[in-house]
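Everything in the sequence shown is counted per the numbering used here, starting at 47 for the first residue and increasing by one.
Since the structure comes first, as structure tokens, the remarks are kept for the end.
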Amino acid sequence: MEKPYTALAQLLNCHPDEIAITTSSTTSWFQVFGGLKLKAGDRILTSISEYGSNFLAYLQAIKRQQVEVEIIPEDAEGDVNLEALEKLVAAGTSKPALIAITHIPTSSGRVYTHAAAVGAIAQREGIPYLLDATQSIGQMPIDVQQLQCDYLTSTGRKFLRAPRGTGLLYASRAAMARAEPATVDVHGAVWTTRHDYQLVPSAKRYELYEMSYAAKASYLTCQNGMLCSSTGFTS
């Protein structure tokens, strides 16, 4: 069952050990967001057209952890306003705890072509960058190295041609060294002593044990060339 990880890593231009296969894009996103050690006063920067489930998680974090959510304006072309983003990053007494945007918002269909430039700013400033690529993977080539995102989430049931109940997560090795998943079970961690555990040394730490193997195997369409040929990648 390692071939689906290899196929998705080829699609995204990353290492197979940076891929997790989950049950949905939202599950993947929550596993990342819920694992961040957010505290009162932490700032989250997000886009105007953020996905509803993601924004609901921000609202919960406002209530539970007293974080602050700030909206990155759009420019005249309807893209992320990079100048405004730079100002938001520089504002406040500390750097934002997270930049999280949706690559292609569900409600509009626009493409945030500045997603890679956002990644460059995040990397320069040492800010975690979470990109929701649910509507873009399978429609356009996605290269996580070029995007410079720490995390990328997507569903399988849309343009990857996988069935409902499939999702994926890219988590860079550097990001995995900084933060844990929101939840772990015996699939993603080893119970080492009475009071401690050890995460598995890959993005599988974000997965849970109960997962359909048939659904996971559906990602092999990438390796068979059915998907990769349509997105500019070759098997």
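Positions of the beta carbon are idealized from the N, C-alpha and C atoms, including for glycine.
Quick caveat, the model's predicted, so the values are computed rather than measured.
For A166, the closest C-alpha among the options S154, A137, D196, R156 is that of D196.
If only uninterrupted beta strand (DSSP E) runs of at least 3 residues are considered, those enclosed by the stretch 85-124 are 89-93, 114-118. Between I173 and P142, the gap from beta carbon to beta carbon is short of 9 Å. When DSSP reads this structure, Y51 sits in no beta bridge, so it has no partner. As the crow flies, the alpha-carbon of N100 is around 22 Å from that of M186. Inter-segment contact for the stretch 236-249 and the stretch 72-91 is absent: fewer than three beta-carbon pairs are separated by less than 8 Å.
As summarised for the stretch 130-202, the continuous beta strand (DSSP E) elements at least 3 residues long and confined to that stretch are 144-148, 175-178, 197-201, given in chain order. Three or more Cβ pairs drawn from the stretch 244-258 and the stretch 63-81 lie within less than 8 Å of each other, which places the two stretches in contact. Runs of the beta strand (DSSP E) lying entirely within the stretch 207-277, each at least 3 residues long, are 213-217, 235-239, 242-245 in chain order. Exclusion of the five residues before and after A235 leaves Y243, Q244, L245, V246, R251 as the residues of its chain whose Cβ lies within less than 7 Å of its Cβ.
For T68, the three-state secondary structure derived from DSSP is strand. Excluding five sequence positions before and after A103, the CB atoms of its chain that fall closer than 8 Å to its own CB belong to W75, F76, F79, G80, given in chain order. Taking C-alpha positions only, F205 is separated from I108 by approximately 33 Å. The C-alpha of L215 lies about 29 Å from the C-alpha of E123. Note on geometry: alpha-carbon atoms of T238 and V232 lie some 11 Å from one another. A check of alpha carbon separations from R210 across A136, L91, S264, A146 identifies S264 as the nearest. Of all alpha-carbon atoms in P62, L54, I90, the one lying nearest the alpha-carbon of Q112 is that of I90.
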